[in-house]
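Here the structure is laid out as structure tokens; the discussion comes afterwards.
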Amino acid sequence: MNNFEFYSPTEFVFGKNTEERTGELVARYGGRHVLLVYGSERIVRTGLLGRVEESLRKAGVDYTLFGGIQPNPTDTMVYEGIRLGKEKQVDMLLAVGGGSVIDTAKAIAAGLVYDGDFWDFYAGTAIVQTALPVGVVLTIPAAGSEGSGNSVITQVSTNKKISLRTPRALRPKFAIMNPELTMTLPPYQTAAGAVDMMAHIQERYFTNTPHTEVTDALSESLLRTIIEVTPKVLASPNDYDARAALMWCGTLAHTGLCGTGNEEDWSSHAIEHELSAFYGVTHGAGLAVIFPAWLTFMADHNVDKVAHYAHKVWNVPATADKRADALEGIARLKAFFHAIGMPTNIAELGIDNFDLELINSHLHVTKGELVGNFVPLNEKHTRQIYEYAVRG
Numbered sequence: 001m002n003n004f005e006f007y008s009p010t011e012f013v014f015g016k017n018t019e020e021r022t023g024e025l026v027a028r029y030g031g032r033h034v035l036l037v038y039g040s041e042r043i044v045r046t047g048l049l050g051r052v053e054e055s056l057r058k059a060g061v062d063y064t065l066f067g068g069i070q071p072n073p074t075d076t077m078v079y080e081g082i083r084l085g086k087e088k089q090v091d092m093l094l095a096v097g098g099g100s101v102i103d104t105a106k107a108i109a110a111g112l113v114y115d116g117d118f119w120d121f122y123a124g125t126a127i128v129q130t131a132l133p134v135g136v137v138l139t140i141p142a143a144g145s146e147g148s149g150n151s152v153i154t155q156v157s158t159n160k161k162i163s164l165r166t167p168r169a170l171r172p173k174f175a176i177m178n179p180e181l182t183m184t185l186p187p188y189q190t191a192a193g194a195v196d197m198m199a200h201i202q203e204r205y206f207t208n209t210p211h212t213e214v215t216d217a218l219s220e221s222l223l224r225t226i227i228e229v230t231p232k233v234l235a236s237p238n239d240y241d242a243r244a245a246l247m248w249c250g251t252l253a254h255t256g257l258c259g260t261g262n263e264e265d266w267s268s269h270a271i272e273h274e275l276s277a278f279y280g281v282t283h284g285a286g287l288a289v290i291f292p293a294w295l296t297f298m299a300d301h302n303v304d305k306v307a308h309y310a311h312k313v314w315n316v317p318a319t320a321d322k323r324a325d326a327l328e329g330i331a332r333l334k335a336f337f338h339a340i341g342m343p344t345n346i347a348e349l350g351i352d353n354f355d356l357e358l359i360n361s362h363l364h365v366t367k368g369e370l371v372g373n374f375v376p377l378n379e380k381h382t383r384q385i386y387e388y389a390v391r392g
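Read in order, the letters of the sequence shown are residues 1 to 392 in full-length UniProt numbering.
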């Protein structure tokens, strides 16, 4: 196991009615005038926004609303948020929503205290040293952004979808997590969120680092729990206990805990980001297509851990043929995705004009000659994975 540092300072406030404590927590972490970032009008219709606003007023916290954040968030909304934040002289960001809202709030928080272009951080020409504090009221269990320092933003002019990793400066100060707030999510969004969680775990699980028994066991347990509870949530949307389990899995999947001591991979995320950047597909749905394709490639190039995954997560009986075991595990993964309403090929994503060569070339323009660590992937390798994704 490799040396590592694990830093997870976020205060998680979990359970029923916890959104009523928003104002208390904002004030505790020094917020006096927050930029309240949110996405769709769903939080207005459900009354959540009103409850959060009332909580802020009771705590004596001023706020400015900034809504309309879309899935696959863009730099244009970040620039607008920075402009508004400066105009209103906000001192904290409050994200009420899912990963796209939280990621946007993080980018604004970094940009508000930076003299240059916030995109410098995503382009890798500057490092986030400081940022305004960020608080979260989570409504979509999926991205795990409520417990990480990561943020993913797309630059509209170039279609570059870039993940920024800031283990310290951009971790939220607090995350309010009420599973009841997820009960109105559409089934497709719920299922896509579950896939995203699984991918966050698997990007860390598939490693060449030896002696990772602890993180392997944590990862396998979380994966099995997601596989168990997701169908329950879809069958009974108001099942609080199943919702709670799924919500907490999403957070634990992305705090970094499952990657402690490992060399992580993240090539599947990079490969999928091209789909969501160019075609606007839901990130979790794109991962449902890409991850089985990636695993199929790995069954021929680094089979041991894929077979181990099949045995431990999908209960495939171990045989002398590791490749066959691995492929059976992949088949069970794809069957699970179909069972929860997720796609497993490009056509099922609704993409009818897929330009494989453009997407593959752009991937390496964005990420460089080689992508990932489990098997460093060149342009020929990623083309083959996209081809598997087309076939499904």
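Note that the Cβ used here is the ideal one computed from N, Cα and C, for glycine as well. Remember, predicted model here, so these are calculated numbers, not experimental data.
| field | Whole-number beta carbon distance between L36 and V78, since they are thought to touch under 8 Å | value | Not really, about 16 Å apart at Cβ, beyond 8 Å.
| query | What are the boundary residues of the alpha helix (DSSP H) that includes T76? | reply | 75-88
| field | Beta-carbon proximity check, L223 vs I201, cutoff 8 Å | value | yes
| message | Starting from L112, trace the beta strand (DSSP E) in both directions and tell me its first and last residue. | response | Premise fails: L112 is in no beta strand (DSSP E) and is neither H nor E.
| request: Report the rounded CA-to-CA distance for P172 versus Y7, giving the unit in angstroms. | output: 12 Å
| query | With which residues is N150 paired in a DSSP beta bridge? | reply | R165
| query | Hey, F12 and M177 are a contact pair by Cβ (cut 8 Å); roughly how many whole angstroms apart? | reply | 6 Å
| query | Buried or exposed: where does L358 fall if 16 or more other Cβ atoms within 10 Å of its Cβ makes it buried? | reply | exposed
| query | Residues in its own chain within less than 7 Å of G284 by CB, not counting five upstream and five downstream? | reply | A142, A192, G193, V195, D196
| task | Could you name each continuous beta strand (DSSP E) segment of 3 residues or more that falls completely within the segment 172-208, going from the start of the chain to the end? | result | 174-177
| query | What separation, rounded to the nearest whole angstrom, lies between the Cα atoms of T139 and K58? | reply | 22 Å
| Ordered list of alpha helix (DSSP H) runs contained in the segment 331-363, each at least 4 residues | none
| query | Short check: CB of G261 to CB of N72, under 8 Å? | reply | no
| task | Select from H338, G99, N238, L56 the residue whose C-alpha is nearest the C-alpha of R21. | result | L56
| request: Decide if S151 is buried, meaning its Cβ has at least 16 other Cβ atoms within 10 Å, or exposed. | output: buried
| Sequence-distant residues of its chain with Cβ nearer than 8 Å to G30 (five each side left out) | D91, M92, P133
| task | Drop a sphere of 10 angstroms on the beta-carbon of P343, count the other beta-carbons inside from all chains shown, and report buried for 16 or more, exposed for fewer. | result | buried
| task | For F12, name the three-state secondary structure that DSSP assigns. | result | strand
| Which residue's Cα is closest to the Cα of V137: G68, E203, G39, A131? | G39
| said: Among the candidates T212, Q189, T130, whose CA atom is the shortest distance from the CA of G99? | reply: Q189
| When the cut-off is 8 Å and only beta carbons count, does A27 lie next to chain C? | Absent here is chain C; the protein component of the structure consists of one chain.
| query | When the Cα atoms are used, what is the spatial distance from K367 to E272? | reply | 12 Å
| Could you give the distance in angstroms between the alpha-carbon of A389 and the alpha-carbon of L295? | 11 Å
| request: State the Cα-Cα distance for the pair D120 and V156, rounded to the nearest angstrom. | output: 15 Å
| message | Please report the distance separating the alpha-carbon of A324 from that of K334. | response | 15 Å
| Span separating the alpha-carbon of E348 from that of T130 | 42 Å
| request: Report yes if the C-beta distance between L257 and A299 is below 8 Å; otherwise report no. | output: no
| said: Considering Cα atoms alone, identify which of E180, D117, L275, I290 is closest to E203. | reply: I290
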